[in-house]
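Below is one structure, written out as structure tokens, with a few remarks after it.
In the numbering used here, the protein residues as written are -10 to 300.
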């Protein structure tokens, strides 16, 4: 979702940035209309209430792209490791060719054994490397989510973010590690069934757990008290399912980190603003609401003392 923390930085796919940027624009419009209604500047009719547009395509598209981006990140890491291994092998091969023919034969046998051993250990190392990378990434996103929780505790005084989209994506990034490693290592033609199956199960569980009430500490799973309220609430069920489906889409649409489909080599100029917004989605997410409030103050729609009172 948020490109500055979860996207494939090397060899970007502009179509994903554009889609993410489109969601960013919709998010800004959503909060703009929300503020107009909240401050009584322009009360919105029931049929136009911004909440009607909070689901698809804003959240859904963000989450699906987050899943796709995870597969690209893993593919990029694996590709980088493979390139390093290839360079090492080339150096060893060049060095060996300078030896005598008698020693080459013995050396080749030893090299073959060492190569197998190196490949196995390197594979395990890569898995651990990917795990560490994704755990750090997930914790980073989750930490930003905690920052949002603190900020919304201060403003707007009528609730705060308990387990929002950043919390969910951060935890989902860590939970998705087994699926990502399996998809990378499996040779089965039917491997996509695994994330799709568990993704659908998570989506269905979301419909079940939302009817269950329990202690607040179960809120990340979708279970919460009767009087629960959160400004942004995206529990793991069903949203982890959307992440898994996004991962499946990413593996299918970008096998080995390469497009399965074709797009214009050069991005149309008209899409550049959306692409830029998509590449900076986290920053925009963090600052867009204060900017909206500041603009409303500049045009005289919100009194300064009202804004000060919020804090």
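Just so it is clear, CB atoms sit at the ideal spot from N, CA and C, and this is done for glycine as well. Predicted model only: the values in this text are computed from it and were never measured.
{"Query": "Alpha-carbon spacing of residue 6 relative to residue 286, whole angstroms", "Result": "31 Å"}
{"Query": "For residue 205 and residue 10, the rounded distance between their alpha carbons", "Result": "33 Å"}
{"Query": "Endpoints, alpha helix (DSSP H) assigned at residue 157", "Result": "154 to 164"}
{"Query": "Which residues DSSP lists as bridging residue 222, in chain order", "Result": "152"}
{"Query": "Cβ-Cβ distance between residue 236 and residue 165 below 9 Å", "Result": "yes"}
{"Query": "The stretch 217 to 233 contacting the stretch 147 to 157, beta-carbon criterion three pairs below 8 Å", "Result": "yes"}
{"Query": "contact_flag[the stretch 223 to 243, the stretch 47 to 54] where n(CB pairs < 8 Å) is 3 or more", "Result": "yes"}
{"Query": "First and last residue of the uninterrupted alpha helix (DSSP H) at residue 4", "Result": "3 to 27"}
{"Query": "Exposure of residue 240, with buried meaning 16 or more beta-carbon neighbours within 10 Å", "Result": "buried"}
{"Query": "Distance between residue 269 and residue 276 (C-alpha atoms, nearest Å)", "Result": "11 Å"}
{"Query": "Extent of the continuous alpha helix (DSSP H) run through residue 180", "Result": "Premise fails: residue 180 is in no alpha helix (DSSP H) and is neither H nor E."}
{"Query": "Touch test, the stretch 128 to 142 against the stretch 159 to 175, Cβ-Cβ under 8 Å, three pairs minimum", "Result": "yes"}
{"Query": "Range covered by the alpha helix (DSSP H) that runs through residue 286", "Result": "270 to 287"}
{"Query": "Proximity winner among 266, 167, 257 and 31, relative to residue 63 (alpha-carbon distances)", "Result": "167"}
{"Query": "Residue(s) in a DSSP beta bridge with residue 213", "Result": "202"}
{"Query": "Residue 248 beta carbon less than 9 Å from that of residue 365", "Result": "Within the shown structure, residues of the chain are numbered from -10 to 300, placing residue 365 beyond reach of any answer."}
{"Query": "Residue range of the alpha helix (DSSP H) that includes residue 134", "Result": "90 to 143"}
{"Query": "Integer Cβ distance of residue 22 from residue 15, believed to fall under 8 Å", "Result": "Not confirmed; about 11 Å, so no contact."}
{"Query": "Residue 200 versus residue 212: straight-line alpha-carbon distance, rounded", "Result": "8 Å"}
{"Query": "Euclidean distance between Cα positions of residue 125 and residue 203", "Result": "30 Å"}
{"Query": "Rounded Cβ spacing between residue 8 and residue 169 (contact assumed at less than 8 Å)", "Result": "The pair is not a contact, with the Cβ atoms about 21 Å apart (cut-off 8 Å)."}
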